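Everything in the sequence shown is counted per the numbering used here, starting at 7 for the first residue and increasing by one. Glycine included, each C-beta is placed from N, C-alpha and C at the ideal position. In this text, all values refer to a predicted model and were calculated from it rather than measured experimentally. Read the structure below first, then the notes.
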Amino acid sequence: MAEMLWIRPRTLSEALEYVKDESLHVHGGGTHLLRNWKGSIRGLIDLSELDLDFVRISKEWIDIGAMATYADIVRALRNSFPENVLVDALSRSASTALRNRITIGGSLALLPPWSNVLGPAIATDAIVSLEGMNRGLYPVADVQRNKLLLKGSLIHSIRIPVRHSVAVFHTEKRVAFDYPSFTITICADFERDLFTNVRVVITGVADLFARLESVERKIEGCSPAEVNSRAVCASLPISFTKKPLGSPQYLLELASVQLERCVMKLVSLASRKRG
Ligand SMILES: Cc1cc2nc3c(=O)[nH]c(=O)nc-3n(C[C@H](O)[C@H](O)[C@H](O)COP(=O)(O)OP(=O)(O)OC[C@H]3O[C@@H](n4cnc5c(N)ncnc54)[C@H](O)[C@@H]3O)c2cc1C
């Protein structure tokens, strides 16, 4: 059996040279890679020497390096920005041991249907910074839809605008340690008694994720008293495939109920902010 290469580049440019070789794979936390091993992999490019485990918070942005783990991110944001939706989303992912390993870079490269990053990243208008062949800044949805962007490139970091003042996250699981069947993220600004910049994202649907713009429009510009959560969530333009949790029809019914609860929670959070 050929020996597997374990490469630890010390600079970004060195890492980018290795990334050009398709038989070498970037190693983030290894939680997916090592469970889904492909025989064609000749070696791993371990990014742990590159100082990419940062979480930097300024007035405008939260910048998170690709090697920051879910636990790193929750720890950093919980103190300085506890209302950020990632705090709730990531702290409810997988198990404590896994949260100490799973990186934001590996999660964004993979974006599985059970991802707890995808919904919050889209709802907060996060931008992914790629280095290498496709160097540039890309909306998360573009990275999800076009995996070819990662060819010859690696995820360097993610930039999240500091904007939304109220956020709600829901993850639908059978038991605490389960892959989510779907997630719901709602983010909005709340100023002068009105919701603006409303984003509603559901993941785990047939098309992986959907931004529910029809729901957003019914909340945008409203005061908490004007939001009718039942009417807002009627006739959702989404569908599901069968999952261990239930049939497509059951999941659609459940998603409508949970979305209605999320909207009610948003209204209650905003009302409390108003005081
Ligand atoms: C039992 C279990 C339960 C889980 N539950 C959840 C959950 O509830 N919610 C959730 O969000 N996640 C969950 N996860 C994690 C998720 O399934 C993936 O394992 C994880 O997101 C991968 O991250 P990683 O850092 O370990 O990446 P790795 O396994 O290291 O890599 C994954 C892929 O990304 C590539 N990659 C890694 N880093 C980069 C980079 N910087 N640039 C480009 N490509 C890169 C790798 O080459 C590989 O193809 C769970 C995992 C397990 C094992």
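Taking A173 as reference, the option from A240, S245, E137 and V273 with the minimal CA-CA separation is V273. Sequence-distant partners of S229 (beyond 5 residues in either direction) whose C-beta falls short of 7 Å from its own C-beta, in its chain, are D199 and L200.
Taking one beta carbon from each stretch, the segment 136-147 and the segment 174-193 have fewer than 3 pairs nearer than 8 Å; the two do not touch. For D184, DSSP assigns no beta-bridge partner whatsoever.
Beta-bridge analysis with DSSP links L160 to E137. Buried is the label assigned to D78, since at least 16 other Cβ atoms lie within 10 Å of its Cβ. Between ligand 1 and P186, a heavy atom-to-CB distance of less than 7 Å is present. DSSP, read as helix, strand or coil, puts L155 in helix. Ligand 1 never approaches P250 closely enough for any of its heavy atoms to be under 7 Å from the residue's Cβ. Cβ-Cβ distances below 6 Å link S159 to L136, G138, M139 and N140 in the same chain, with the five nearest sequence neighbours on each side left out; the list follows chain order. Under DSSP, R217 forms a beta bridge with V207. It is roughly 45 Å from the alpha-carbon of S86 to the alpha-carbon of E9. The DSSP-derived three-state label of P167 is strand.
Residues of the same chain with a CB within less than 6 Å of the CB of L275, apart from the 5 flanking positions on each side, are V172 in chain order. Within its own chain, the residues whose Cβ lies closer than 8 Å to the Cβ of M270, once the five positions on either side in sequence are excluded, are S235, listed in chain order. Looking at the DSSP output, T75 sits in a beta bridge with T109.
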